[in-house]
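Student:
Residue numbers (this note's numbering): 55 to 276.
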């Protein structure tokens with residue numbers, strides 16, 4: 055969820071191994087998982103004693119497929135169309151500038167947060183621990199969260215995520231990722247949520263969400 059949307063300083067933070075998904079902030083079709091691991095992680099992979107049960111998830115086989123100093127061996131058929139999509143996504147990211155992309159995601163998150171909080175909705179994650187591109191919102195008491203999602207999709211062609219696991223039925227997951235992270239979508243989401251919740255009798259403040267977000271946008275910055 056972070057790649058392309060918020061700083062990920064792999065070397066500076068001493069991260070041995072990390073992976074992402076192309077369908078998040080890179081705005082690509084799903085199906086590819088960019089990975090990075092340093093020599094220490096590679097050595098752990100090479101010297102592991104327990105055999106990996108999955109052919110496709112065996113990173114030692116994947117490293118042989120990549121080649122390098124050893125003879126390259128076949129592992130899988132690469133999804134060429136997805137690689138072209140990833141290439142174009144990275145070109146777009148380079149044209150925007152990685153720092154500007156980070157700033158855009160953060161700015162749009164601040165506007166969305168202002169709107170939700172003006173409405174009276176609360177965030178699950180403490181402010182200092184949040185990702186700007188993934189917003190977990192507590193469902194107001196007495197509200198059928200599945201019905202809200204269904205109405206948003208039916209009336210506004212807007213789809214938000216449900217809670218998973220222990221959070222099922224308790225939260226909504228609102229994504230602001232990649233090319234979808236823009237002012238238009240922030241204002242649409244807030245307007246649609248306010249109208250839908252108000253129509254369902256939810257205990258929220260009305261007529262304030264969009265104005266609160268616009269105030270943040272008026273301050274400038276991306």
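Positions of the beta carbon are idealized from the N, C-alpha and C atoms, including for glycine.
Given this structure, state the Cα-to-Cα distance separating residue 85 from residue 132, to the nearest angstrom.
Tutor: 11 Å
Student: Would you kindly check if the distance between the Cβ of residue 184 and the Cβ of residue 163 is under 9 Å?
Tutor: yes
Student: What span of residues does the alpha helix (DSSP H) with residue 162 cover, start to end?
Tutor: 152-173
Student: Are at least three pairs of beta-carbons, each pair with one atom in the stretch 236-246 and one in the stretch 169-179, less than 8 Å apart?
Tutor: yes
Student: Thinking just about the alpha-carbon of each residue, which of 248, 273, 253 and 274 is nearest to the one in residue 262?
Tutor: 248
Student: I'd like to know whether the C-beta atoms of residue 90 and residue 64 end up nearer to each other than 9 Å.
Tutor: yes
Student: Would you report the Cα separation of residue 237 and residue 196, rounded to the nearest angstrom?
Tutor: 30 Å
Student: Between residue 211 and residue 109, what straight-line distance do the alpha-carbon atoms span, to the nearest angstrom?
Tutor: 39 Å
Student: Please give me, in chain order, every unbroken run of the alpha helix (DSSP H) with length at least 4 that falls completely inside the stretch 63-116.
Tutor: 93-101
Student: Could you check whether the stretch 202-209 touches the stretch 71-87, counting it as contact only if at least three pairs of C-beta atoms, one from each stretch, sit closer than 8 Å?
Tutor: no
Student: Identify, in the order they occur along the chain, each residue of the same chain with its Cβ nearer than 6 Å to the Cβ of residue 62, setting aside the five sequence neighbours on each side.
Tutor: 56
Student: Tell me the rounded alpha-carbon separation between residue 107 and residue 129.
Tutor: 15 Å
Student: Start and end of the beta strand (DSSP E) containing residue 188?
Tutor: 188-192
Student: In chain order, what residues of the same chain have a beta carbon less than 6 Å from the beta carbon of residue 139, not counting five sequence neighbours either side?
Tutor: Only 82 and 83 meet the Cβ criterion.
Student: Look up residue 226 in the DSSP assignment and give the residues it is bridged to.
Tutor: 191 and 216
Student: Strictly by DSSP, which residues pair up with residue 177?
Tutor: 191
Student: Would you check if the distance between the CB atom of residue 223 and the CB atom of residue 229 is smaller than 9 Å?
Tutor: no
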